[in-house]
Amino acid sequence: MALQNGNTKKKLDIVVVGGGLVGSLEAIFLAKRGHRVSLYEYREDLRTTPHVRGRSINLALSVRGRKALKGVGVEDHMVNEHGIPMRARMIHRPDGTTYSIPYDARTNQCIYSVGRNYLNNILLKESENYDNVKKYFNHKLIKSNLRNGSLTFLKTETNETVDVTADLIIGADGAFSAVRKEMMKQPLFDFSQQYIEHGYLELCIPASEDGVFQMPPNYLHIWPRGNFMMIALPNQDCSWTVTLFMPFKNFKDIDTDEKLMIFFQKYFSDSIPLIGEKKLIEDFFGGSPSPLVAVKCRPYNVLDKALIIGDAAHAVVPFYGQGMNAGFEDCYILDELFRKHHDNVADILQDFSDSRWKDAFAISDLAMYNYIEMRDLVTRPSYRLRKAVDDFLFWLLPDFWVPLYNSVTFTTMPYSQCVKNRQWQNQVTRLFL
Ligand SMILES: Cc1cc2nc3c(=O)[nH]c(=O)nc-3n(C[C@H](O)[C@H](O)[C@H](O)COP(=O)(O)OP(=O)(O)OC[C@H]3O[C@@H](n4cnc5c(N)ncnc54)[C@H](O)[C@@H]3O)c2cc1C
Numbered sequence: 001m002a003l004q005n006g007n008t009k010k011k012l013d014i015v016v017v018g019g020g021l022v023g024s025l026e027a028i029f030l031a032k033r034g035h036r037v038s039l040y041e042y043r044e045d046l047r048t049t050p051h052v053r054g055r056s057i058n059l060a061l062s063v064r065g066r067k068a069l070k071g072v073g074v075e076d077h078m079v080n081e082h083g084i085p086m087r088a089r090m091i092h093r094p095d096g097t098t099y100s101i102p103y104d105a106r107t108n109q110c111i112y113s114v115g116r117n118y119l120n121n122i123l124l125k126e127s128e129n130y131d132n133v134k135k136y137f138n139h140k141l142i143k144s145n146l147r148n149g150s151l152t153f154l155k156t157e158t159n160e161t162v163d164v165t166a167d168l169i170i171g172a173d174g175a176f177s178a179v180r181k182e183m184m185k186q187p188l189f190d191f192s193q194q195y196i197e198h199g200y201l202e203l204c205i206p207a208s209e210d211g212v213f214q215m216p217p218n219y220l221h222i223w224p225r226g227n228f229m230m231i232a233l234p235n236q237d238c239s240w241t242v243t244l245f246m247p248f249k250n251f252k253d254i255d256t257d258e259k260l261m262i263f264f265q266k267y268f269s270d271s272i273p274l275i276g277e278k279k280l281i282e283d284f285f286g287g288s289p290s291p292l293v294a295v296k297c298r299p300y301n302v303l304d305k306a307l308i309i310g311d312a313a314h315a316v317v318p319f320y321g322q323g324m325n326a327g328f329e330d331c332y333i334l335d336e337l338f339r340k341h342h343d344n345v346a347d348i349l350q351d352f353s354d355s356r357w358k359d360a361f362a363i364s365d366l367a368m369y370n371y372i373e374m375r376d377l378v379t380r381p382s383y384r385l386r387k388a389v390d391d392f393l394f395w396l397l398p399d400f401w402v403p404l405y406n407s408v409t410f411t412t413m414p415y416s417q418c419v420k421n422r423q424w425q426n427q428v429t430r431l432f433l
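Using the UniProt record's numbering, the first residue of the sequence shown is number 1, and each one after it goes up by one.
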């Protein structure tokens with residue numbers, strides 16, 4: 001028995017599966033509470049191999065994610081020393097002209113572009129400050145019994161297997177979670193997944209020859225084109241990660257350099273000199289579009305033995321910039337539940353399962369909707385009129401009328417409540433719009 005926060009509480013042996021963004025953060029939260037944490041990650045340690053490819057090079061960090069990072073003491077560094085503020089969407093018209101739509105005209109809040117690997121690195125480094133965190137890289141979970149807390153990992157460097165037992169298993173092993181697959185064998189486990197018909201391909205606008213940004217940096221740049229779109233987020237080295245989201249069929253149709261250039265001339269002509277024709281061709285044909293999947297499931301726990309969080313529990317399409325933020329919020333909420341239930345695992349897991357799914361389902365649906373807004377609606381006069389009305393009412397009644405995007409991105413209001421607010425706001429605006 002160990003003394004913690006003035007109470008005598010049993011230290012638990014907790015295995016966290018997945019050392020991505022969410023697993024690394026969760027390991028720190030658990031270590032802070034004094035538990036013995038073993039973090040098992042399939043890939044190699046990205047701190048020693050900086051070029052491990054992630055799914056996206058940079059991500060938009062917003063309030064929910066920031067709050068969780070603050071809980072482990074790394075928010076300040078990520079926001080003030082690394083993150084690049086993005087205060088507005090900058091819309092690129094097909095003719096190359098642009099205009100901007102602020103995210104928060106009232107208080108000028110912004111989202112931050114952060115490097116995925118950099119953030120993961122910071123979290124892994126932070127975990128070094130806790131003797132009670134052990135990390136095992138190149139370990140792939142291949143078998144588990146979630147009812148008795150036993151796991152088998154394959155050491156990918158040597159092909160040996162390792163058997164481990166835990167008081168509690170936390171699955172933070174992403175959208176294709178092995179822990180979740182095991183949960184699917186449990187009775188009453190609901191699961192659905194949806195692949196959208198669109199994939200994404202990452203391109204790059206390099207820094208200029210003078211080493212500066214080639215576009216105004218404090219924006220999320222969007223080229224909305226109806227059924228597809230391209231976006232760009234700034235990187236620390238003054239380059240841009242450019243992501244083209246488009247139906248797989250359209251990607252397939254572009255199968256020669258000439259077709260690619262005709263396509264870009266027609267839809268994204270202003271980006272060609274920025275990317276460079278040669279680099280555009282190399283990057284486009286050098287990669288292949290990746291799929292996007294949304295996962296909904298529940299419950300998130302098995303008895304008092306296992307829990308899934310992050311993408312393992314609720315992978316969402318990336319169009320609200322909330323996947324990581326929601327996963328980080330899971331860690332924060334879980335920490336609050338550890339406090340509320342005095343480390344009683346059965347109550348903590350039950351409470352998390354019972355309460356979190358509504359919000360996870362809500363952000364999943366919102367993210368699907370936001371793709372249509374970003375690639376299409378954003379260019380329409382009706383969208384801009386509604387945004388102007390929302391912004392005016394928000395300015396007039398800041399505690400009463402919080403527009404949907406602001407409540408999702410700049411508050412920690414439960415996602416399901418953000419949706420409910422939007423519903424009554426829609427009813428009100430319909431009266432006069
Ligand atoms: C194109 C794109 C853009 C995005 N942009 C944003 C954004 O702007 N803002 C935002 O908030 N979110 C964004 N997201 C979502 C975000 O990337 C995810 O929500 C986030 O990475 C989830 O983190 P995670 O740790 O739960 O899962 P992951 O990042 O997938 O990490 C899971 C980890 O588990 C490991 N693992 C998997 N299987 C095993 C196994 N069997 N054994 C051991 N380890 C295993 C993996 O190697 C990985 O390291 C974006 C996603 C995409 C695809």
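Ideal Cβ placement from N, Cα and C applies to all residues, glycine included. Quick caveat: nothing in here was measured; it's all calculated off a predicted structure.
Can you check whether the CB of residue j is closer than 8 Å to the CB of residue i?
i	j	result
Lys155	Val164	no
Val302	Met183	yes
Tyr320	Val408	yes
Ile308	Arg180	yes
Ala68	Ser127	no
Phe394	Pro403	yes
Leu123	Leu46	no
residue 439	Arg106	What is shown of the chain runs 1 to 433, which leaves residue 439 out entirely.
Asp173	Ala312	yes
Gln322	His82	no
Ile170	Arg89	no
Ser364	Val428	no
Asp351	His341	yes
Tyr200	Phe245	yes
Asn389	Ile91	Strictly speaking, residue 389 in this sequence is Val, with Asn absent from that position. No, Cβ-Cβ distance for Val389 and Ile91 is not below 8 Å.
Met78	Met229	no
Leu188	Lys305	no
Val37	Ile14	yes
Ile348	Leu366	no
Using a Cβ-Cβ cutoff of less than 7 Å, which residues in the same chain neighbour residue i once the five nearest sequence positions on both sides are dropped?
i	result
Gly54	The predicted model places Gly54 with a pLDDT of 44, which falls under 50 and marks its position as unreliable, so this point remains unresolved.
Asp283	Leu203 and Cys204
Ile372	none
Asp190	Cys297 and Arg298
So, at 8 Å on beta carbons, what are the nonlocal neighbours of residue i in its own chain, with the 5 sequence-adjacent residues on each side left out?
i	result
Ile205	Gln214, Met215, Ala232, Ser239, Trp240, Val242, Ser271, Leu274 and Ile275
Met86	Ala60, Tyr103, Cys110, Ile111, Tyr112, Ser113, Asn218, Tyr219, Leu220, Leu233 and Pro234
His139	Tyr40, Glu41, Tyr42, Phe153, Leu154, Lys155, Thr156 and Val162
Glu160	Leu154
Gln265	Ile272
Leu260	Ile254, Leu280, Ile281, Phe284 and Phe285
Thr412	Val63, Arg64, Lys67 and Glu329
Asp76	Lys70
Does DSSP put residue i in a helix, a strand or coil?
i	result
Met78	helix
residue 480	No information on residue 480 is available, as it lies outside the stretch 1 to 433 that the chain covers here.
Phe268	coil
Val72	coil
Tyr99	strand
Asn117	helix
Leu25	helix
Arg93	coil
Lys10	coil
Pro85	strand
Phe284	helix
Ser144	strand
Ile57	coil
Ser127	helix
Phe263	helix
Pro273	helix
Arg64	helix
Ile254	coil
Ala294	strand
Phe137	coil
Return the chain-ordered list of same chain residues with a C-beta closer than 6 Å to the C-beta of residue i, the five sequence neighbours on each side being excluded.
i	result
Tyr195	Pro291 and Val293
Gly19	Leu39 and Glu41
Trp401	Leu393 and Phe394
Gly226	Asp376
At which residue ranges does the region 159-245 contain complete alpha helix (DSSP H) runs of 4 or more residues, listed in the order of the chain? Counting whole runs of 4 or more residues, the region 159-245 contains the alpha helix (DSSP H) stretches 178-183.
Give, in chain order, every unbroken run of the alpha helix (DSSP H) that is at least 4 residues long and sits entirely within the region 302-381. Correct list: 311-314, 323-340 and 345-375.
Touching or not, the region 291-305 and the region 348-364, by the rule of three or more beta carbon pairs under 8 Å? Between the region 291-305 and the region 348-364, the count of C-beta pairs closer than 8 Å reaches three or more; the two stretches touch.
Using a Cβ distance threshold of 8 Å, determine whether the region 311-327 contacts the region 16-27, with at least three qualifying pairs required. Output reads yes: the region 16-27 touches the region 311-327.
Whole runs of the beta strand (DSSP E) within the region 373-422, excluding any shorter than 3 residues: DSSP runs (the beta strand (DSSP E)) wholly in the region 373-422: none.
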